[in-house]
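Visitor: Here you go, one structure.
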Amino acid sequence: MKVALIQDWLTEIGGAEKVFECFLELYPEADIYTVTSHDRVIDELNINKNKLHESFVAKLPLGRKKYRNYLPLFPKAVESFDFSGYDLIISSSSSVAKGIITNSKQLHICYCHSPARYAWDLYHQYLNEARLVGFGIKKWFVRHTLYRLRIWDVISANRVDYFIANSNYIKKRINKVYRREADVIYPPVDTHRFDLCEDKDEYYYTASRLVPYKKIDLIVKAFSKMPNKRLIVAGTGPDYSKIKALAGPNVEMKGFVTNDEMLELMQKAKAFVFAADEDFGIIPVEAQACGTPVIALGRGGTKETVIDGQTGVHFNVQTVESLMEAIDRFDDMNFDAKVVRVNAEKFSKQRFNKELQEYINEKYTEFNLNQS
């Protein structure tokens, strides 16, 4: 069986890349395809560059740093790859990787992190945040590009033989957007790296890339109104200066932290705070692996990973008031760090590898039987 793996792009380490890393462990001899990549990520994932195939986008001016500017070319980029020599293709997709072209004798399984959010459910939010509402050539061009992407996105979904969703939340979105069924396999969390710590300090913690949809500004605003509660924020990003300007004296902006610092901050925190509407959200599970309860939005993936009243508390809407109410409710409750840890173990990397391998073997056998 000759196998190929494809990821949208390999330019930073996030949840999708951690899933892709498991693909690489399961199929170490597979060829690897991506729109573009960064050397740092290739090295960190220990990818053999002789097996790496990038699209023409990587060779365009700033095709590695400013690759998102080439969004209109992404469908052509993935369609330019020749997969005709493979028996099995596994795509890791939240954008265009699922749109590869295969033939009837090849099995294509897509692990879908989400249908492209900037083209679908976050379309209007994306336009507002990018100030692309109204008239003008650039605004028209972006809206027209996303319109064409939506058409291609639905068409290309029919090229996938089987969809795997990273949560029941995304399973519903796949059905809504593509009218396709999906099976759920929760993503891997390296629970062994995040050791249980029962001795907690008196601070709350959040960590994220500082971009609008992560809603770190909402968390900082809430804690700035609660001066008797200490918040530590780790992470960098385009919104860093704006968020720092919102921070009261009880909010500490750490900026970039190393993996070891991240682990220690997570272990000792009284609670981890998470306000994003995420497809799954690996970091709240990492927090629970440390025995740290989570105050999270009760929507999206965290509704499935954080048990309200047992491993954390949910708040209902992305507002300062709703979050403050949840923080007050959290302070009136007691959590058992060992119970919190046990919940995280349901999402372990070992469990993911086992479920994924069994799923692929089953579908590959079934596919070959139908071919004969």
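With this note's numbering applied, the sequence shown covers 4 to 375.
Where a beta carbon is used, it is the ideal one built from N, C-alpha and C, also for glycine.
1. By alpha-carbon positions, which one of T295, E328 and L8 ends up nearest to A340?
2. If I measure Cβ to Cβ from H41 and keep anything under 8 Å in the same chain, skipping five residues before and after, which residues do I get?
3. At 3 residues or longer, and completely inside the segment 139-176: list those beta strand (DSSP E) runs for me, N to C.
4. So, using beta-carbon positions, are V276 and A299 closer together than 9 Å?
5. Tell me the start and end of each unbroken beta strand (DSSP E) in the segment 56-100 that is at least 3 residues and wholly inside, in chain order.
6. Less than 8 Å between C-beta atoms, sequence neighbours within five positions excluded: which residues of the same chain meet that for A122?
7. Whose C-alpha, out of S244, G238, G251 and E255, is nearest the C-alpha of T261?
8. Hey, how far is the Cα of E348 from the Cα of R196?
9. Are F26 and I103 closer than 9 Å when you measure CB to CB?
10. Can you look up Q10 in the DSSP assignment and give me helix, strand or coil?
11. Whose C-beta lies closer than 6 Å to the C-beta of D204 among residues of the same chain, with five residues either side of it excluded?
12. Is G88 buried or exposed, if buried means 16 or more other CB atoms sit within 10 Å of its CB?
13. For the segment 350-366 against the segment 175-195, are there 3 or more C-beta pairs whose distance is under 8 Å?
14. Report back the beta-carbon spacing between K217 and L249 to the nearest angstrom; my notes put them in contact at under 8 Å.
15. Do you know offhand how far A100's Cα is from P241's?
16. In terms of alpha-carbon separation, which member of N49, L199, R302 and F59 lies closest to K79?
17. Count the CB pairs spanning the segment 162-171 and the segment 104-124 that are closer than 8 Å, and state whether there are at least three.
18. Taking N53 as the reference, which of R182, E267, E361 and I35 has the closest Cα?
19. Can you list, in chain order, the residues of its chain whose CB lies under 8 Å from that of F333, leaving out five sequence neighbours each side?
20. With distance defined between alpha-carbon atoms, name the residue in G17, N253, L372 and V22 nearest to Q360.
21. Whole angstroms are fine: how far does the CA of I219 sit from the CA of S107?
22. Does the beta-carbon of G304 have 16 or more other beta-carbons within 10 angstroms, so that it is buried, or is it exposed?
23. Please classify R134 as buried or exposed, where buried requires at least 16 other C-beta atoms within 10 Å of its C-beta.
24. Tell me whether D193 sits in a helix, a strand or coil according to DSSP, three-state version.
25. Taking the alpha carbon of N337 as the reference point, which residue from G312, S98 and E132 has its own alpha carbon closest?
26. Answer yes or no: do H116 and A19 have a C-beta to C-beta separation smaller than 9 Å?
27. In the DSSP assignment, what residue or residues form a beta bridge with C115?
28. Nearest to T105 by CA position, among G139, N161, N171 and T209, is which residue?
29. Should I50 be labelled buried (16 or more other beta-carbon atoms within 10 Å of its own) or exposed?
30. In whole angstroms, what separates the C-alpha of Y30 from that of S170?
31. Should R176 be labelled buried (16 or more other beta-carbon atoms within 10 Å of its own) or exposed?
32. Are the CB atoms of S97 and R120 nearer to each other than 9 Å?
Guide: In brief:
1. As a position in the sequence shown, residue 340 is number 337, starting the count at 1. Of the listed residues, the one whose Cα sits closest to A340 is T295.
2. On the sequence shown, residue 41 is found 38 positions in, with the first residue counted as 1. Closer than 8 Å at the Cβ level, and outside the excluded window around H41, lie L13, T14, E15 and R67.
3. For the segment 139-176, the continuous beta strand (DSSP E) assignments of 3+ residues that do not extend past its boundaries occur at 165-168, in sequence order.
4. The count along the sequence shown starts at 1 and reaches residue 276 at position 273. The count along the sequence shown starts at 1 and reaches residue 299 at position 296. Yes. Within cutoff.
5. 91-96
6. Position 119 of the sequence shown holds residue 122. Taken in chain order, the residues that qualify are L149, L152, R153 and D156.
7. Along the sequence shown, read from residue 1 onward, the residue named residue 261 stands at position 258. Nearest option by C-alpha distance: G238.
8. Here the question's residue 348 lines up with position 345 in the sequence shown. Here the question's residue 196 lines up with position 193 in the sequence shown. Straight-line Cα distance between these residues: approximately 12 Å.
9. Mapped onto the sequence shown, residue 26 falls at position 23. Mapped onto the sequence shown, residue 103 falls at position 100. Their beta carbons are not under 9 Å apart, which means F26 does not touch I103 by this criterion.
10. Taking the sequence shown and counting its residues from 1, one reaches residue 10 at position 7. Strand.
11. Walking along the sequence shown from the start, residue 204 turns up at place 201. Result list for D204: K271, in chain order.
12. As a working note, residue 88 is residue 85 in the sequence shown. The residue is exposed, with fewer than 16 neighbouring Cβ atoms inside 10 Å.
13. yes
14. On the sequence shown, residue 217 is found 214 positions in, with the first residue counted as 1. On the sequence shown, residue 249 is found 246 positions in, with the first residue counted as 1. That belief does not hold up - the Cβ atoms of K217 and L249 are roughly 14 Å apart, past 8 Å.
15. Along the sequence shown, read from residue 1 onward, the residue named residue 100 stands at position 97. Along the sequence shown, read from residue 1 onward, the residue named residue 241 stands at position 238. Those two C-alpha atoms are separated by around 26 Å.
16. Taking the first residue of the sequence shown as position 1, residue 79 is located at position 76. Considering only alpha carbons, the answer is F59.
17. yes
18. Looking up residue 53 in the sequence shown gives position 50. The shortest Cα separation from N53 among R182, E267, E361 and I35 belongs to I35.
19. Counting from one through the sequence shown, the residue named residue 333 turns up at place 330. Hits under 8 Å: A274, P296, I298, G315 and V316.
20. Here residue 360 corresponds to residue number 357 of the sequence shown, with the count starting at 1. For the options G17, N253, L372 and V22, the alpha carbon positioned closest to that of Q360 is the one of V22.
21. Translated into positions along the sequence shown, residue 107 becomes position 104. Translated into positions along the sequence shown, residue 219 becomes position 216. Taking the straight line from one Cα to the other gives about 46 Å.
22. Counted from its first residue, the sequence shown places residue 304 at position 301. It is buried - the Cβ of G304 has at least 16 other Cβ atoms within 10 Å.
23. Residue mapping note: residue 134 aligns to position 131 of the sequence shown, counting from 1. The residue in question, R134, is exposed, as its Cβ has fewer than 16 Cβ neighbours within 10 Å.
24. For the purposes of this step, residue 193 is taken as residue 190 along the sequence shown, with counting starting at 1. Reduced to three states, the DSSP call for D193 is coil.
25. Position 334 of the sequence shown holds residue 337. The shortest C-alpha separation from N337 is found at G312.
26. As a first step, residue 116 must be located in the sequence shown, where it is residue number 113. As a first step, residue 19 must be located in the sequence shown, where it is residue number 16. Yes, the Cβ-Cβ distance between H116 and A19 is below 9 Å.
27. Translated into positions along the sequence shown, residue 115 becomes position 112. The partner list for C115 (beta bridge, DSSP) reads S96 and A168.
28. Along the sequence shown, one-based indexing puts residue 105 at 102. When only C-alpha atoms are compared, the closest one is N161.
29. As a working note, residue 50 is residue 47 in the sequence shown. The residue is buried, with at least 16 neighbouring Cβ atoms inside 10 Å.
30. Here the question's residue 30 lines up with position 27 in the sequence shown. Here the question's residue 170 lines up with position 167 in the sequence shown. Roughly 23 Å between the two C-alpha positions.
31. Here residue 176 is taken as the residue at index 173 of the sequence shown, counted from 1. It is buried - the Cβ of R176 has at least 16 other Cβ atoms within 10 Å.
32. Position 94 of the sequence shown holds residue 97. Position 117 of the sequence shown holds residue 120. Between S97 and R120, the CB-CB gap stays under 9 Å.
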